[in-house]
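Just so you know, we're using numbering that gives the first Met the number 0 here: the sequence shown kicks off at 0 and counts up by one. Idealized CB from N, CA, C, for every residue including glycine. What follows is a short report on a single structure.
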Amino acid sequence: MRWMIVLGLVALLGCSTSTNGTVYGETPTLKTAVPVQQVLSNPDEYNSREILVKGTIQEVCQMKGCWLSLAAEGKTMVVRFKDYAFFVPKDIAGRTVTVQGVFHAENLPHEHEEGESDETCGENEMDFSMVASGVIVDS
Numbered sequence: 000m001r002w003m004i005v006l007g008l009v010a011l012l013g014c015s016t017s018t019n020g021t022v023y024g025e026t027p028t029l030k031t032a033v034p035v036q037q038v039l040s041n042p043d044e045y046n047s048r049e050i051l052v053k054g055t056i057q058e059v060c061q062m063k064g065c066w067l068s069l070a071a072e073g074k075t076m077v078v079r080f081k082d083y084a085f086f087v088p089k090d091i092a093g094r095t096v097t098v099q100g101v102f103h104a105e106n107l108p109h110e111h112e113e114g115e116s117d118e119t120c121g122e123n124e125m126d127f128s129m130v131a132s133g134v135i136v137d138s
């Protein structure tokens with residue numbers, strides 16, 4: 000009987016329920032959430048900063064729930080979880096989520112073999128990611 004209680008407590012350590020939804024990882028401490036559209040439209044303003052972002056989940060890792068993606072205006076941000084300390088359910092795509100973590104925007108240059116073509120490669124692409132310490136999935 001004790002083992003069942005201990006097992007139940009261990010299972011609950013990874014998540015908790017708040018009035019806004021279910022918390023995975025650490026409970027976010029920042030108070031004001033920025034819409035994902037604003038973050039992805041102004042990446043330089045938020046780059047390398049810890050922020051609280053709110054958006055709709057586009058996709059979730061179907062292996063373990065070890066990442067999720069948020070999208071807005073044709074841009075996507077992949078959210079991974081700090082130190083793989085927690086996972087989210089695999090069936091929450093389409094739900095609203097609030098994520099606290101460090102946002103990163105990286106310019107990905109197009110690479111090509113030197114001298115093979117006179118054509119230009121076009122504009123560089125931006126890669127948006129976040130390492131989250133906590134996630135709240137709205138009820």
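(message) Using the three-state DSSP reduction, which class does residue 42 fall into: helix, strand or coil?
(response) Counting from 1 along the sequence shown, the entry for residue 42 is found at position 43. Residue state, collapsed to three classes: helix.
(message) Bridge partners for residue 29 per DSSP, in chain order?
(response) The residue given as residue 29 occupies position 30 in the sequence shown. Checking the DSSP bridge columns, you'll see residue 29 has no partner listed.
(request) Could you check what DSSP says for residue 90 in three-state terms: helix, strand or coil? (result) Counting from one through the sequence shown, the residue named residue 90 turns up at place 91. In this structure, residue 90 counts as coil in the three-state DSSP scheme.
(request) Can you tell me which of the three DSSP states residue 134 falls into? (result) On the sequence shown, position 135 is the one that residue 134 refers to. Three-state DSSP puts residue 134 in a strand.
(request) Enumerate in chain order the residues of its own chain whose CB-to-CB distance from residue 128 is below 6 Å, with the five nearest sequence positions on each side excluded. (result) Locating residue 128 in the sequence shown gives position 129, where the first residue counts as 1. Correct list, in chain order: 77 and 103.
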